[in-house]
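K.L.:
Got a structure here, written out as structure tokens. Questions coming.
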Amino acid sequence: MSHKVVEAGSLKIGRYLVIEGEPYRVVSIEKSKSGKHGHAKARITAVGIFDGSKKSIVLPTDTKVDAPVIDKRLAQVNYITDSSPPMLGLMDMESYESFEVAMPDPEDFEGKVEQGIQIEYWIVLGRRKLVRRR
199 MSHKVVEAGS LKIGRYLVIE GEPYRVVSIE KSKSGKHGHA KARITAVGIF DGSKKSIVLP
259 TDTKVDAPVI DKRLAQVNYI TDSSPPMLGL MDMESYESFE VAMPDPEDFE GKVEQGIQIE
319 YWIVLGRRKL VRRR
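Per the numbering used here, residue 199 is the first one in the sequence shown, and the count goes up by one each step.
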């Protein structure tokens with residue numbers, strides 16, 4: 199697993215963090231001031247990268263949290279299977295590695311998927327996510 203450690207208070211909207219082993223994108227963050235005997239708190243709302251689930255957590259701003267390292271790559275679609283669910287055969291444009299992934303949902307993916315096109319995909323915590331057509 200590739201991740202780095204950041205403070206909860208340094209997170210901003212659009213950044214990524216790991217909650218319970220899953221990568222999430224921060225959609226809102228509210229910071230409260232410290233009290234007489236307490237620490238400043240950060241109320242973070244995030245949406246899952248892979249499943250779209252929403253989570254809210256409250257942490258002291260000086261708490262260390264994991265931020266995933268996202269490896270953004272390009273691949274070419276070699277073939278599309280007729281199985282259920284349909285699978286895409288992709289080849290990485292840098293390492294020429296071939297692999298299969300499930301066809302993305304049309305609402306999660308930007309553009310039409312067809313043989314011969316290039317697709318941007320991310321490797322996050324050892325898993326692949328198709329992002330958009332290039």
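Even for Gly, the Cβ is constructed at its ideal location relative to N, Cα and C.
Measure the Cβ-Cβ separation of Y294 and G287 and say whether it is below 8 Å.
P.N.:
Cβ atoms of Y294 and G287: not closer than 8 Å.
K.L.:
Give me, in chain order, the residues of the same chain whose beta-carbon lies closer than 7 Å to that of V225; leave out the 5 immediate sequence neighbours on both sides.
P.N.:
Contacts found: I211, T243, A244 and V245.
K.L.:
To the nearest angstrom, how far is the alpha carbon of G233 from that of R223?
P.N.:
Roughly 29 Å separates the two Cα atoms.
K.L.:
For a minimum of 3 consecutive residues, which ranges assigned as the beta strand (DSSP E) are wholly contained in the region 215–265?
P.N.:
The region 215–265 contains these whole beta strand (DSSP E) runs: 220–229, 239–246 and 252–258.
K.L.:
Can you give the Cα-Cα distance for A273 and E298, rounded to whole angstroms?
P.N.:
Roughly 11 Å separates the two Cα atoms.
K.L.:
Going by DSSP in three states, G309 sits in which element: helix, strand or coil?
P.N.:
Of the three classes helix, strand and coil, the one that applies to G309 here is coil, per DSSP.
K.L.:
Let me know if K239 comes out buried or exposed under the rule of 16 or more other beta-carbons within 10 Å of its beta-carbon.
P.N.:
K239 is buried by the Cβ-count criterion.
K.L.:
Between the alpha carbons of F248 and G236, how many angstroms are there, rounded?
P.N.:
Going from the Cα of F248 to the Cα of G236 covers about 35 Å.
K.L.:
Along the chain, where does the beta strand (DSSP E) containing I321 start, and where does it finish?
P.N.:
Segment Q316 to V322, the beta strand (DSSP E) holding I321.
K.L.:
Around the C-beta of P221, are 16 or more other C-beta atoms found within 10 angstroms, so that it is buried, or is it exposed?
P.N.:
Result: buried.
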